[in-house]
Amino acid sequence: MSKITFIGAGSTVFAKNVLGDCMMVPALEGFEFALFDIDEVRLKDSENMLNNLKNNYNCHVTIKAYTNRKEALRGAKYVINAIQVGGYKPSTVIDFEIPKKYGLRQTIADTVGIGGIFRSLRTIPVMLEFAADMEEVCPDALFLNYTNPMAALTGAMLRYTNVKTVGLCHSVQVCTSHLLKSLGIKAKNVEEKIAGINHMAWLLEVKADGKDLYPEIKRRAKEKQLEKHTDMVRFELMDKFGYYVTESSEHNAEYHPYFIKSRYPELIDRFQIPLDEYPRRCVQQIENWKKMREELVHNSNLTHVRSHEYGSRIIEAVETNIPFKFGGNVLNTGGLISNLPEKACVEVPCLVDRNGILPCYIGELPEQLAALNRTNINTQLLTIEAAVSRKREHIYQAALLDPHTAAELSMDDIVAMCDDLIEAHGNWLPKFK
380 MSKITFIGAG STVFAKNVLG DCMMVPALEG FEFALFDIDE VRLKDSENML
430 NNLKNNYNCH VTIKAYTNRK EALRGAKYVI NAIQVGGYKP STVIDFEIPK
480 KYGLRQTIAD TVGIGGIFRS LRTIPVMLEF AADMEEVCPD ALFLNYTNPM
530 AALTGAMLRY TNVKTVGLCH SVQVCTSHLL KSLGIKAKNV EEKIAGINHM
580 AWLLEVKADG KDLYPEIKRR AKEKQLEKHT DMVRFELMDK FGYYVTESSE
630 HNAEYHPYFI KSRYPELIDR FQIPLDEYPR RCVQQIENWK KMREELVHNS
680 NLTHVRSHEY GSRIIEAVET NIPFKFGGNV LNTGGLISNL PEKACVEVPC
730 LVDRNGILPC YIGELPEQLA ALNRTNINTQ LLTIEAAVSR KREHIYQAAL
780 LDPHTAAELS MDDIVAMCDD LIEAHGNWLP KFK
């Protein structure tokens, strides 16, 4: 029996999206869906939910929950990763509250920035443990990583393990449609070209019936910027640098040194920047789960519509040998994006079929876009270095090179803040020299 293993399966809603999608794929009939999570209550919830879906749709798959990770992985053909090391409490709270004492504010803190650095440092060692298990019990499996920080985690897996890995995000496939909808542009036969790094990939080309839509997009965006709305940071970046970026304004506000600035507090209101947004979302999700748990976990009439997530479509393409194109995170081997470092993890169009993941060559990005990407890549590479070397100096260097952190704090304060974060996270981090 072929097997798909979902690590972090206690993320019940996301497990429904990805494994529910897999139930819609005829080529996956007969597969085992193996679930693993360190939270056994949430693990049982997901098992019940997926069995309800299976029974409702008469799917010929087997749902099995495991409390032993290696056994969950044994013999897997595909492994889906959706973990969060340290959770909302204590780790997310620490990532926000300690920097705040130094005057450093954040919005999401899960990609770069000081919060992204420490989320990487907590998570990379755990994922390297997954890789060691996989190399032993399912060495040929394809690892689909959904966990953030996407570039640092996927880059670490690809550079320091033998596991076949691709990173998957939600922002690429909805970028263009959401942009056009927000500007009231109705277009058919839309073509797009997107490349860069995760959460900072660029809409390089956008056409409808062969006509370039960018002139109209920029005209309407300038008009929309005259009034407040929820995407002001991205429109401002497009105005100054010429291209629209894939991930949301609340994310990009903290990837750059221009928007969250203690000397210019008026920018927060001007660009509608939601400081401390991620902790608010966490609290809301916890409350929502209390309300929706019963209807999701114990609902024998539970239904599912195939989502826009790439995971099931990638697996289907491998199983059927019918190619599928998607935006994936892979190493920049051979210079897929020629003006970014080869050690970087880049987000580029990829094809997948029975031969595996085949990334597409992009060539040079416009230089200003590559320059912005490199400011984030610097921190990502030093963060990976810190996780592997276990040296504090690399943590300091990653933080010193982060655009937002460096724009706000002195070198001494950045080092002191890192030391405070290391101490506060305690055993959630490995020991650093």
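Taken in order, the sequence shown gives residues 380 to 812; the numbers are from my numbering. Every residue, glycine too, gets a C-beta built ideally from N, C-alpha and C.
1) Grab the span of the beta strand (DSSP E) containing residue 581 for me, first residue to last.
2) Compute the distance between the beta-carbons of residue 414 and residue 429, then report whether it is under 9 Å.
3) Can you give the beta carbon distance from residue 656 to residue 486, rounded, assuming they're within the 8 Å contact cut?
4) Hey, residue 550 and residue 490 are a contact pair by Cβ (cut 8 Å); roughly how many whole angstroms apart?
5) Does DSSP put residue 488 in a helix, in a strand, or in coil?
6) Report the residue from 451, 418 and 395 whose alpha carbon sits nearest the alpha carbon of residue 384.
7) Comparing alpha-carbon positions, which option in 585, 707, 790 and 773 lies nearest residue 811?
8) Secondary structure at residue 730, three-state DSSP: helix, strand or coil?
9) Any idea if residue 682 is buried or exposed, counting beta-carbon neighbours within 10 angstroms, 16 or more meaning buried?
10) Residue 385 lies in the beta strand (DSSP E); which residues open and close that run?
11) Tell me, please, whether the segment 388–401 touches the segment 689–696 by the rule of three or more beta-carbon pairs shorter than 8 Å.
12) Please name the residue, chosen from 498, 725 and 739, that lies closest to residue 488 on a Cα-to-Cα basis.
13) Give the C-beta separation of residue 788 and residue 483 to the nearest angstrom, bearing in mind that I take them to be a contact with Cβ-Cβ under 8 Å.
14) Residue 513: buried (16+ other C-beta within 10 angstroms of its C-beta) or exposed?
15) Buried or exposed, going by whether 16 or more other CB atoms sit within 10 Å of the CB of residue 629?
16) Once the 5 residues before and after residue 676 are set aside, which same chain residues still bring their CB inside 6 Å of it?
17) Please classify residue 627 as buried or exposed, where buried requires at least 16 other C-beta atoms within 10 Å of its C-beta.
18) Taking the C-alpha atoms as reference points, what is the distance between residue 730 and residue 537?
19) Residue 390: buried (16+ other C-beta within 10 angstroms of its C-beta) or exposed?
20) Which residue from 804, 775 and 802 puts its Cα closest to that of residue 792?
21) Taking C-alpha atoms, which residue in 781, 632 and 500 lies nearest to residue 535?
22) Tell me which residues share the same chain as residue 579 and place their Cβ nearer than 8 Å to its Cβ, disregarding the 5 neighbours each side in the sequence.
23) For residue 591, list the residues DSSP reports as bridge partners.
24) Helix, strand or coil for residue 539 per DSSP?
25) Thinking C-alpha only, which one of 809, 658, 418 and 785 is nearest residue 471?
26) Could you tell me if residue 417 is buried or exposed, where buried requires 16 or more neighbouring beta carbons within 10 angstroms of its beta carbon?
27) Between residue 708 and residue 506, is the Cβ-Cβ spacing less than 9 Å?
28) Considering Cα atoms alone, identify which of 462, 577, 576 and 736 is closest to residue 544.
29) Three-state secondary structure (DSSP) at residue 744?
30) Using the three-state DSSP reduction, which class does residue 497 fall into: helix, strand or coil?
31) Grouping DSSP H, G and I as helix and E and B as strand, with all else coil, what is residue 461?
32) Measure the C-alpha to C-alpha separation of residue 504 and residue 586 and round it to an integer number of angstroms.
33) According to DSSP, residue 544 sits in a beta bridge with which residue or residues?
34) How far does the beta strand (DSSP E) with residue 389 in it reach, from first residue to last?
35) Could you have a look at residue 564 and say whether DSSP puts it in helix, strand or coil?
36) Do you know whose CA, among 412, 445, 447 and 467, lies nearest residue 868's CA?
Considering the structure as presented:
1) On the sequence shown, position 202 is the one that residue 581 refers to. DSSP places residue 581 inside the beta strand (DSSP E), whose first and last residues are 579–587.
2) What you label residue 414 is simply residue 35 of the sequence shown in a count that begins at 1. What you label residue 429 is simply residue 50 of the sequence shown in a count that begins at 1. Yes, the pair counts as a contact, with Cβ atoms nearer than the cut-off.
3) In the sequence shown, the residue the question calls residue 656 occupies position 277. In the sequence shown, the residue the question calls residue 486 occupies position 107. For residue 656 against residue 486, the beta-carbon gap comes to about 5 Å, under 8 Å, which counts as contact.
4) Here residue 550 is taken as the residue at index 171 of the sequence shown, counted from 1. Here residue 490 is taken as the residue at index 111 of the sequence shown, counted from 1. The Cβ separation is near 11 Å, so there is no contact.
5) Position 109 of the sequence shown, counting from 1, holds the residue named residue 488. Annotated three-state conformation of residue 488 is coil, per DSSP.
6) Reading the sequence shown from its first residue, position 5 is the one you call residue 384. Out of 451, 418 and 395, 451 has the C-alpha closest to the C-alpha of residue 384.
7) As a first step, residue 811 is located in the sequence shown; it is residue number 432 there, counting from the start. Ranking the options by Cα distance to residue 811, first place goes to 773.
8) As a first step, residue 730 is located in the sequence shown; it is residue number 351 there, counting from the start. If DSSP states are grouped into helix, strand and coil, residue 730 belongs with the strands.
9) For the purposes of this step, residue 682 is taken as the residue at position 303 of the sequence shown. Around the beta carbon of residue 682, a 10 Å sphere encloses fewer than 16 other beta carbons of the protein chains shown; the residue is thus reported as exposed.
10) Your numbering for residue 385 matches position 6 in the sequence shown. From DSSP, the beta strand (DSSP E) with residue 385 extends over 382–386.
11) With the cut-off at 8 Å, the segment 388–401 and the segment 689–696 touch.
12) Position 109 of the sequence shown, counting from 1, holds the residue named residue 488. Looking at the Cα atoms, 498 is the closest of the given residues.
13) Against the sequence shown, residue 788 aligns to sequence position 409. Against the sequence shown, residue 483 aligns to sequence position 104. 6 Å between Cβ atoms; contact.
14) What you label residue 513 is simply residue 134 of the sequence shown in a count that begins at 1. By the neighbour-count definition (other C-beta atoms within 10 Å, threshold 16), residue 513 is a buried residue.
15) To locate residue 629, count along the sequence shown from 1; it is residue 250. Buried, because 16 or more other Cβ atoms sit within 10 Å of the Cβ of residue 629.
16) Translated into the one-based positions of the sequence shown, residue 676 becomes position 297. Excluding positions up to five away in sequence, the list reads 424, 427 and 428.
17) Looking up residue 627 in the sequence shown gives position 248. With 16 or more Cβ atoms within 10 Å of its Cβ, residue 627 is classed as buried.
18) Sequence index remark: in the sequence shown, residue 730 carries index 351 (1-based). Sequence index remark: in the sequence shown, residue 537 carries index 158 (1-based). Answer to the nearest angstrom: the Cα atoms are 18 Å apart.
19) Position 11 of the sequence shown, counting from 1, holds the residue named residue 390. Result: buried.
20) Looking up residue 792 in the sequence shown gives position 413. Check the Cα spacing between residue 792 and each of 804, 775 and 802: the tightest is with 775.
21) Taking the sequence shown and counting its residues from 1, the one referred to as residue 535 is at position 156. With distances taken between Cα atoms, residue 535 lies closest to 500.
22) Position 200 of the sequence shown, counted from the start, is the residue given in the question as residue 579. For residue 579, where only same-chain residues beyond five positions count, the Cβ hits under 8 Å are 624, 625, 626, 631, 634, 751, 752 and 755.
23) Here residue 591 refers to the residue found at position 212 of the sequence shown. Here residue 591 is bridged, per DSSP, to 586.
24) Taking the sequence shown and counting its residues from 1, the one referred to as residue 539 is at position 160. DSSP, read as helix, strand or coil, puts residue 539 in helix.
25) Here the question's residue 471 lines up with position 92 in the sequence shown. If you compare the alpha carbons of 809, 658, 418 and 785 with that of residue 471, the shortest gap goes to 658.
26) Locating residue 417 in the sequence shown gives position 38, where the first residue counts as 1. It is exposed - the Cβ of residue 417 has fewer than 16 other Cβ atoms within 10 Å.
27) The residue labelled residue 708 in the question sits at position 329 within the sequence shown. The residue labelled residue 506 in the question sits at position 127 within the sequence shown. No, the pair does not count as a contact, with Cβ atoms beyond the cut-off.
28) In the sequence shown, the residue the question calls residue 544 occupies position 165. The closest CA to that of residue 544, considering only 462, 577, 576 and 736, is found on 736.
29) Working through the sequence shown from its first residue, we reach residue 744 at position 365. Note: residue 744 maps to coil in three-state DSSP.
30) Sequence index remark: in the sequence shown, residue 497 carries index 118 (1-based). Helix, per DSSP.
31) By 1-based counting over the sequence shown, the position of residue 461 is 82. In the structure shown, residue 461 falls within a coil segment according to DSSP collapsed to helix, strand and coil.
32) Within the sequence shown, the letter at position 125 stands for residue 504. Within the sequence shown, the letter at position 207 stands for residue 586. When rounded, the separation of the alpha-carbon atoms in residue 504 and residue 586 is 43 Å.
33) Within the sequence shown, the letter at position 165 stands for residue 544. In DSSP, residue 544 forms a bridge with 522.
34) Counting from one through the sequence shown, the residue named residue 389 turns up at place 10. DSSP places residue 389 outside any beta strand (DSSP E), giving it a letter other than H or E.
35) Position 185 of the sequence shown, counting from 1, holds the residue named residue 564. Residue 564 falls in the coil class under three-state DSSP.
36) Look at the range of the chain in this structure, 380 to 812, and you will see that residue 868 is not part of it.
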